[in-house]
Amino acid sequence: MEGECVEPVQVSSFVVQYLEVFLHQSVVSLPQSTPGMSFSWKSPSLDFIKVNFDGAVFERTGEMGVGAVARDSDGHCLAWLAHRVSCSEFGELAEAWAAREAIQLALRKGWRLVVLEGNCAGLIQKLDIRLEDLSVIGPSVADIRLLARQFLSCRFLDPAFGQCCYAFSRPVSI
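Okay, here's the thing in structure tokens:
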């Protein structure tokens, strides 16, 4: 489902329902968190939109889910999306699909300066290498790169590193 900004209570209700379903599913692989490390949302630069994305695989039902939330530099929700579809049992593919959906959301909204943040270091590294990716998600990586070129500036971040891992940008005058 995709929508314009909604009241926080509605988003909260959706998230609670989604998490209840999630907790009753078997997830193929979840990254282990590092003790003592915590991540918090960091705002993008002024005039940029940050789109956080994530994907998950539900082994028991043979589905994957993706979601994205777009916020401005003040943290205001501008748009969000969530999808579930039948899929393979490959977690990195779910992350790549989530990244692609996040980019398409930003393109549909007409945003030109975006930061896309996802927690799959493997995907972000594949985007960072800038060489042809011959892995299972190689075609998805190529598609993500192609879509990202439509922005004036598009940066991919991994919150674990707190830095820009990959960027497409052209000179911008604001």
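Numbering (UniProt numbering), first residue to last: 1 to 174. From the three backbone atoms N, C-alpha and C, an ideal C-beta is built for every residue, glycine too.
Per-residue burial, residue i [other beta carbons within 10 Å of its own, 16 or more giving buried]
| i | result |
| --- | --- |
| residue 196 | For the chain, the structure presents residues 1 to 174; residue 196 sits outside this window and is missing. |
| Leu105 | buried |
| Ile144 | buried |
Rounded Cβ spacing between residue i and residue j (contact assumed at less than 8 Å)
| i | j | result |
| --- | --- | --- |
| Leu116 | Phe156 | 5 Å |
| Ser73 | Pro44 | 5 Å |
Residues of its chain near residue i, where Cβ-Cβ distance is below 6 Å and the 5 sequence neighbours each way are ignored
| i | result |
| --- | --- |
| Trp41 | none |
| Phe151 | Arg112 and Val114 |
| residue 196 | Given that the chain is displayed from residue 1 to residue 174, the structure contains no residue 196 and the question cannot be resolved. |
| Lys126 | Asp133 and Val141 |
| residue 175 | Limits of the chain in this structure are 1 at one end and 174 at the other, which puts residue 175 out of reach. |
| Arg130 | none |
Whether residue i touches residue j by CB criterion (7 Å)
| i | j | result |
| --- | --- | --- |
| Leu123 | Glu95 | yes |
| Val69 | Trp80 | yes |
| residue 229 | Ile137 | Residue 229 lies beyond the residue range present for the chain, which begins at 1 and ends at 174; the question has no answer from this structure. |
Residue from the options whose Cα sits closest to the Cα of residue i
| i | options | result |
| --- | --- | --- |
| Leu107 | Phe90, Asp158, Pro159 and Leu147 | Leu147 |
| Arg71 | Gln104, Asp47 and Ile137 | Asp47 |
| Gly110 | Gly55, Arg60 and Leu78 | Leu78 |
| Gly55 | Phe90, Ser135, Arg149 and Leu131 | Phe90 |
| Ser76 | Lys50, Arg149 and Ile129 | The sequence shown places His at residue 76, rather than the Ser named in the question. Considering only alpha carbons, the answer is Lys50. |
Beta-carbon contacts of residue i that lie in its chain and below 8 Å, excluding the five residues immediately before and after
| i | result |
| --- | --- |
| His83 | Met1, Gly65, Val66, Gly67 and Glu101 |
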